[in-house]
Amino acid sequence: MTASALRLVWVYPDLLSTYGDQGNVLVMERRARQRGLHVERVDVRSDQPIPTSGDIYLIGGGEDRPQRLAAERLRRDGGLQRAADNGAIIFSVCAGYQILGHEFINDLGQREPGLGLLDVISTRGEGARCVGDVLADMDPGMGLPQLTGFENHQGITHLGPGVRPFARVTVGRGNGTGDGTEGAWRDTVFGTYMHGPVLARNPRIADHMLKLTLDVGALPPVDERWFEALRSERISAALNTAA
Ligand code: GLN
Numbered sequence: 208m209t210a211s212a213l214r215l216v217w218v219y220p221d222l223l224s225t226y227g228d229q230g231n232v233l234v235m236e237r238r239a240r241q242r243g244l245h246v247e248r249v250d251v252r253s254d255q256p257i258p259t260s261g262d263i264y265l266i267g268g269g270e271d272r273p274q275r276l277a278a279e280r281l282r283r284d285g286g287l288q289r290a291a292d293n294g295a296i297i298f299s300v301c302a303g304y305q306i307l308g309h310e311f312i313n314d315l316g317q318r319e320p321g322l323g324l325l326d327v328i329s330t331r332g333e334g335a336r337c338v339g340d341v342l343a344d345m346d347p348g349m350g351l352p353q354l355t356g357f358e359n360h361q362g363i364t365h366l367g368p369g370v371r372p373f374a375r376v377t378v379g380r381g382n383g384t385g386d387g388t389e390g391a392w393r394d395t396v397f398g399t400y401m402h403g404p405v406l407a408r409n410p411r412i413a414d415h416m417l418k419l420t421l422d423v424g425a426l427p428p429v430d431e432r433w434f435e436a437l438r439s440e441r442i443s444a445a446l447n448t449a450a
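The number in the numbering used here is simply the position in the sequence shown, starting from 1, with 207 added.
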């Protein structure tokens, strides 16, 4: 981060932004501004180059075909890999998460290479689509409260030794492998199946990324009333569905 501004990059909103993922950018921006940071937000469409000097990159979910197009363009562009090598934070959701892995199954039923930024591989689930509200316990390495989100995916994601699960589900499917894991992360690269939008339901994750960027252990508190109301409403809905 420069002394003057936090550079926030929203990757391919024209291809990857489903189930309210745009909310992640709004929450990230707001939480930073509330802490007195000046935010420079860049929305990068899929026909534009990915800037490599961003601090935080957000990438959302998508349907199978836009997901393939996004993967092709991101591989050709190379900017996201360079940003990750520079230590930028990359936060990805669903299709975006699958793209950050080594490979996934595309809309043509073929193995499509990803960016290899997370040590995961996604296959296509043979059973019912994973759809519904999710509750999960965040990886203890991040010290964050219970994760609430919404999932809708056919892909199943298998974790390799180079990543840790982002969370462990108590309600819902997460990675869909049946081992209870949800998402994956390492260093400054994060992947989750959670929509919701996930940062509106879990603003502490946004704060976690701000702390990593600023290299600080704590941030000034902000008013959490609306976030807490949303969280408790969605947590009870998930528990009722599960009951
Ligand atoms: N197309 C992917 C799947 O079904 C991702 C879906 C999404 O991003 N919601 O697995």
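Cβ coordinates follow ideal geometry from the N, Cα and C atoms, glycine included.
Report back the beta-carbon spacing between T395 and L366 to the nearest angstrom; my notes put them in contact at under 8 Å.
Not confirmed; about 17 Å, so no contact.
Comparing C-alpha positions only, which one of Q305, D254, L342 and S224 sits nearest to G267?
By alpha-carbon distance to G267, the top candidate from Q305, D254, L342 and S224 is S224.
DSSP-derived helix/strand/coil call for V251
Assigned with DSSP and collapsed to three states, V251 falls in strand.
My output table needs one value for S443: the three-state DSSP class, helix, strand or coil.
Note: S443 maps to helix in three-state DSSP.
Cα separation between V172 and I296?
The chain is shown only over 208 to 450; residue 172 falls outside these bounds and no answer can be derived.
Hey, A335 and L354: beta-carbon distance below 8 Å or not?
A335 is not a Cβ neighbour of L354, given a cutoff of 8 Å.
Excluding the 5 residues flanking D271 on each side, which residues of the same chain have their C-beta closer than 7 Å to its C-beta?
These residues qualify, in order along the chain: N313 and D314.
Could you tell me how far apart the beta carbons of T259 and G286 are, in whole angstroms, since I believe they sit closer than 8 Å?
Right, the Cβ-Cβ distance comes to about 5 Å (below 8 Å), so this counts as a contact.
Buried or exposed by the 16-neighbour rule on C-beta atoms within 10 Å, applied to Q305:
Looking at its Cβ environment, which holds 16 or more other Cβ atoms inside 10 Å, Q305 is buried.
With DSSP collapsed to three states, give me the class of E319.
Of the three classes helix, strand and coil, the one that applies to E319 here is strand, per DSSP.
For L446, does the count of other Cβ atoms within 10 angstroms reach 16, so buried, or fall short, so exposed?
The residue is exposed, with fewer than 16 neighbouring Cβ atoms inside 10 Å.
Starting from M345, trace the beta strand (DSSP E) in both directions and tell me its first and last residue.
For M345, the enclosing beta strand (DSSP E) starts and ends at C337 to M345.
Have a look at Q274 and G350 and give me their C-alpha separation to the nearest angstrom.
Taking the straight line from one Cα to the other gives about 31 Å.
Could you tell me whether the segment 416-430 touches the segment 318-329, where touching means 3 or more Cβ pairs closer than 8 Å?
Segment contact: the segment 416-430 against the segment 318-329, fewer than three CB-CB distances shorter than 8 Å; contact not assigned.
Within the same chain, show all residues whose beta-carbon is closer than 6 Å to that of G383, passing over the 5 residues directly before and after it, in chain order.
Answer for G383: G332, C337 and I363, listed in chain order.
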